[in-house]
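Notes follow the structure.
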Amino acid sequence: MRVAIGADHAGFPLKQQLTGFLAQQGHTVFDLGAHSDDRVDYPDYTLAVAYAITEGRADRGIMICGTGAGASIVANKVKGIRGSVAHDTYSARQAVEHDDMNLLCLGSRVIGQALAEELVKAFLEAQLLREDAYLRRLAKVKSLDDQR
Ligand code: RB5
3 MRVAIGADHA GFPLKQQLTG FLAQQGHTVF DLGAHSDDRV DYPDYTLAVA
53 YAITEGRADR GIMICGTGAG ASIVANKVKG IRGSVAHDTY SARQAVEHDD
103 MNLLCLGSRV IGQALAEELV KAFLEAQLLR EDAYLRRLAK VKSLDDQR
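According to the working numbering, the sequence shown is numbered sequentially starting from 3.
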């Protein structure tokens with residue numbers, strides 16, 4: 003899968019670890035920065051990851067800030083992005099299966115590398131379940147994009 007990944011300064015060390023993990027797992031990784039732990043603003047990097055998805059350069063995205071909260075707030079302002087923090091594997095998987103989440107937000111000050119790898123794996127291995135109930139809800143979510 004083509005995966006765009008980004009981080010602010012807080013998420014930078016975890017991003018470095020996850021890019022290696024993603025490549026090892028056979029994914030094509032687009033590292034959109036930040037490229038050091040110098041202080042930066044998470045909206046800039048979240049938007050870079052979000053646009054990589056909406057412009058068709060990546061299939062899914064991962065954005066890491068301190069808590070994942072800032073990243074998820076920004077992610078959901080972009081048309082076509084369905085992003086969430088998921089710090090347990092059940093949510094990381096089900097948010098794709100039921101909600102078609104395409105941008106996983108992680109908090110590097112909350113979780114460690116081992117859990118982050120499990121979350122990323124659960125997120126990327128999951129597929130939307132094309133059942134009527136999920137598709138109906140998804141259509142309602144997508145219609146909100148057009149109401150802004
Ligand atoms: C950075 O200091 C921190 O505020 C940011 O990474 C994040 O936690 C925002 O949600």
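In this text, a Cβ means the ideal position worked out from N, Cα and C, and glycines have one as well.
In this structure, does DSSP put Ala71 in helix, strand or coil? helix
Is Ala52 a contact residue of the ligand RB5, with contact defined as CB to any heavy atom under 7 Å? no
Proximal residues to Ala50 (C-beta, below 8 Å), its chain only, five neighbours per side dropped: Ala6, Gly8, Leu34 and Gly35
Taking 7 Å as the cut-off, is the CB of Gly8 close to at least one heavy atom of the ligand RB5? no
Reduced DSSP secondary structure (H/G/I, E/B, other) of Arg138: helix
Looking only at its own chain, which residues have a Cβ that is under 7 Å from the Cβ of Ile2, when we skip the five neighbours before and after it? Lying outside 3 to 150, the shown extent of the chain, residue 2 is not represented and no answer is given.
Ala54 to Pro15 span [Cα, whole Å]: 21 Å
I'd like to know whether the C-beta of Val98 is nearer than 8 Å to at least one C-beta of chain C. No chain C is part of this structure, which consists of one protein chain only.
Going straight from the alpha carbon of Arg41 to that of Thr48, what length do you get? 15 Å
Ala118: beta carbon under 7 Å from a heavy atom of the ligand RB5? no
Does the segment 135 to 149 come close enough to the segment 114 to 122 to have 3 or more Cβ pairs within less than 8 Å? no
Are Thr56 and Val80 close, meaning C-beta to C-beta below 8 Å? yes
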